[in-house]
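*Asks:* Just dropping this structure here.
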Amino acid sequence: MITLSAIKADVGGFVGHSAMHPDLEATAQEELERARQQGLLVDFHVTHCGDDLFLIMTHEHGENFEAVHRLAWDTFVKCTEVAKKLKLYGAGQDLLTDAFSGNIRGAGPGSAEMEIEERPSEPVIVFMGDKTSAGSFNLPLYKMFADPFTTPGLVIAESLHQGFSFEVQDVVEHKKITLNAPEEIYDLLIFLGAPSRYAVKRVFSRATGEIGACSSTDRLSLIAGRYVGKDDPVCLVRSQGNFPAVGEVLEPFSVPFIVEGWMRGSHHGPWMPVGLKDAHPTRFDGPPRVVALGFQLANGKLVGPRDMFDDPSYDHTRQKANEIADYLRWHGPFEPHRLPLDEMEYTTMPVIAKKLAKRWEPLD
Ligand code: 13P
Ligand code: 13P
Ligand code: MG
Ligand code: MG
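Structure, rendered in structure tokens:
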């Protein structure tokens with residue numbers, strides 16, 4: 072069995088929240104290379120989307136393995152030291168605890184892990200977001216694994232025809248439920264359509280029970296008890312065979328649907344699929360970006376990556392995203408561009424409410 076672990080954190084932006092400084096990636100590269108040589112990891116790939124640092128790792132130790140989580144934590148701490156020296160923006164932003172206590176979950180970084188029996192050919196897509204939040208993968212995961220207009224394989228391929236089951240987490244009450252597609256899709260969608268509360272954690276093939284996808288659902292604000300950072304998420308998706316084809320997995324991103332997390336973590340914006348060369352959001356700190364790196368696993372080795380959205384067939388999606396960005400930006404500080412009051416990462420409301428408390432009068 073091989074475990075694929077993607078663990079990510081924002082440990083400092085360059086410049087502002089726009090991108091990654093190369094010294095941080097170089098530091099992470101060194102740390103993970105040492106762990107590979109010591110035999111903890113089979114392979115790894117260090118990358119970024121915007122100001123978020125992603126550690127994509129393979130190993131033989133299963134999910135929630137302490138030494139792997141510790142490696143990720145220590146790597147983020149090392150990178151934070153570098154970020155502090157360079158006075159990068161928000162150095163250590165996502166590291167919420169002073170001391171690592173055995174598992175990365177609840178400590179600030181986001182994580183998605185799956186233990187798999189590697190197939191004769193194992194194509195995996197790693198999606199990475201910036202200026203968005205946990206739950207943003209609800210819509211694309213639904214489309215990939217439950218919508219026959221996206222994935223005709225659900226209709227015409229024997230191996231997909233039984234459908235998939237979705238493990239959904241309630242990120243506020245910390246509980247989970249598993250619902251089956253297709254027969255429970257109306258029940259499923261009442262939850263998935265509210266991604267700030269309910270997030271798809273895992274998807275399983277109903278024909279074989281194999282895991283097909285896993286996403287990070289960690290919400291920093293709910294961990295810290297106040298709004299900090301923005302849980303820019305990661306999602307792992309297996310493809311082909313008993314799972315959607317690569318093109319079916321990528322297809323939901325051909326429309327730049329609206330996600331939360333733009334500017335100050337407090338605005339809605341279109342999610343723009345980009346190649347790594349364009350994963351540096353600057354306009355109004357955005358618009359939000361998503362990168363898709365494709366790998367073929369070969370005995371745990373990460374053969375790749377292929378930069379899947381670096382393709383002219385997404386040019387018109389990016390163009391549309393820019394048009395939607397203009398349209399939403401025109402609303403300025405108004406909803407629905409601005410998030411609802413209880414979802415904003417920043418707010419002056421308590422201070423203003425206190426200052427003006429005495430000036431409110433009863434209605435006539
Ligand atoms: P090939 O015939 O190239 O293997 O493609 C099959 C497939 O699933 C493409 O979507
Ligand atoms: P990040 O969550 O990517 O650090 O972005 C913070 C922000 O609010 C940018 O405007
Ligand atoms: Mg940041
Ligand atoms: Mg970010």
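72 is the number of the first residue of the sequence shown in this note's numbering; add one for each residue after it. Note that the Cβ used here is the ideal one computed from N, Cα and C, for glycine as well.
Quick one: what does DSSP say E137 is sitting in, helix, strand or coil?
*Replies:* In the displayed model, E137 falls within a helix according to three-state DSSP.
*Asks:* Compute every distance between the C-beta of H351 and the non-hydrogen atoms of ligand 4, then say whether any falls below 7 angstroms.
*Replies:* Taken from the Cβ of H351, every heavy atom of ligand 4 lies 7 angstroms or farther away.
*Asks:* From G161 to Q240, what does the alpha carbon distance come to, in whole angstroms?
*Replies:* 29 angstroms
*Asks:* I'd like to check one pair, E96 with V113: are the Cβ atoms closer than 8 angstroms?
*Replies:* No, they are not a contact pair.
*Asks:* Report all residues from its chain with a CB closer than 7 angstroms to the CB of I256; omit the five preceding and five following residues, and keep chain order.
*Replies:* A217
*Asks:* Taking the beta strand (DSSP E) that N251 falls in, what are its first and last residues?
*Replies:* It spans K246 to N251 - the beta strand (DSSP E) in which N251 sits, taken as one unbroken run.
*Asks:* At a cut-off of 7 angstroms, is H408 close to ligand 3 when judged by its beta-carbon and the heavy atoms of the ligand?
*Replies:* No; taking the cut-off as 7 angstroms, the Cβ of H408 has no heavy atom of ligand 3 nearer than that.
*Asks:* If you reduce the DSSP assignment to three classes, tell me which class T146 lands in.
*Replies:* T146 carries a helical assignment under DSSP once its states are collapsed to helix, strand and coil.
*Asks:* On the three-pair Cβ rule with 8 angstroms, is the segment 330-342 touching the segment 356-364?
*Replies:* With the rule of 3 Cβ pairs closer than 8 angstroms, the segment 330-342 counts as touching the segment 356-364.
*Asks:* Using CA atoms only, rank isn't needed, just tell me which of P383, H351 and L364 is closest to P194.
*Replies:* L364
*Asks:* Here's the rule I'm using: 16 or more other beta-carbon atoms within 10 Å means buried, otherwise exposed. How should D123 be labelled?
*Replies:* buried
*Asks:* Distance, Cα to Cα, N110 vs L412?
*Replies:* In the sequence as presented, Asn is not what sits at residue 110; that position holds Gly. Distance between the alpha carbons of G110 and L412 is about 48 angstroms.
*Asks:* How would you call V422, buried or exposed, if buried means at least 16 neighbouring beta carbons within 10 angstroms?
*Replies:* exposed
*Asks:* Work out the CA separation of L434 and M91 for me, nearest whole Å.
*Replies:* Computed Cα separation, rounded: 52 angstroms.
*Asks:* Between the C-alpha atoms of H88 and G346, what's the straight-line distance to the nearest angstrom?
*Replies:* 18 angstroms
*Asks:* Taking Cβ to Cβ, would you say V320 is nearer than 8 angstroms to M199?
*Replies:* no
*Asks:* Is DSSP giving L307 helix, strand or coil here?
*Replies:* In the three-state reduction of the DSSP assignment, L307 falls in the strand class.
*Asks:* Which one of H140, T203, D201 and V153 has the shortest CA to CA distance from I175?
*Replies:* The candidate whose alpha carbon is nearest that of I175 is H140.
*Asks:* In three-state terms, what does DSSP make of L364?
*Replies:* strand
*Asks:* Between the beta-carbon of K156 and the beta-carbon of T98, is there less than 8 angstroms?
*Replies:* no
*Asks:* What three-state label does DSSP hand E102 in the structure shown?
*Replies:* helix
*Asks:* Does the Cβ-Cβ distance between H408 and H339 come in under 8 angstroms?
*Replies:* yes
*Asks:* Spatial neighbours of E134 within its chain, please: C-beta separation below 8 angstroms, excluding the five flanking residues on both sides.
*Replies:* T74, S76, E184, M185 and E186
*Asks:* Within its chain, find whatever has a CB closer than 6 angstroms to the CB of R290; leave out the 5 residues flanking it on each side and keep chain order.
*Replies:* Excluding residues within five positions, the ones whose Cβ falls inside 6 angstroms are A205, V242 and D302.
*Asks:* Helix, strand or coil: how does DSSP classify P93 here?
*Replies:* helix
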